[in-house]
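Note sheet for the following structure.
Residue numbers (this note's numbering): 1291 to 1372.
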């Protein structure tokens, strides 16, 4: 149950950071604040050093996974060469 909580919180935080990095308008800062709030809530509820390290590693890894799949999606949207 603890591992599932770390994975879910990390994926949510990584997703919010990913959306922050993709958007260009002023609304993107809402997602940044959401990621900070999720991280704050996780750190308050879990005082174990291992869970905190796992959360940060999961958030960073999920951010890179989301970015990789978004890059693939963007590449597939390109028109075929003539």
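Heads up, the beta-carbon is just placed ideally off N, CA and C, and yes, glycines get one too.
None of these values were measured; they are calculated from a predicted model.
Note on geometry: alpha-carbon atoms of residue 1295 and residue 1326 lie some 17 Å from one another. Taking C-beta separations shorter than 7 Å and ignoring five residues to either side along the sequence, the partners of residue 1303 in its chain run 1325, 1328, 1329 and 1349, following chain order.
In this structure residue 1306 is buried. Its beta-carbon is surrounded by 16 or more other beta-carbon atoms within 10 angstroms. With a contact defined as Cβ atoms closer than 8 Å, residue 1353 and residue 1321 miss out at about 12 Å.
Residue range 1339-1366 is occupied by the alpha helix (DSSP H) that includes residue 1341.
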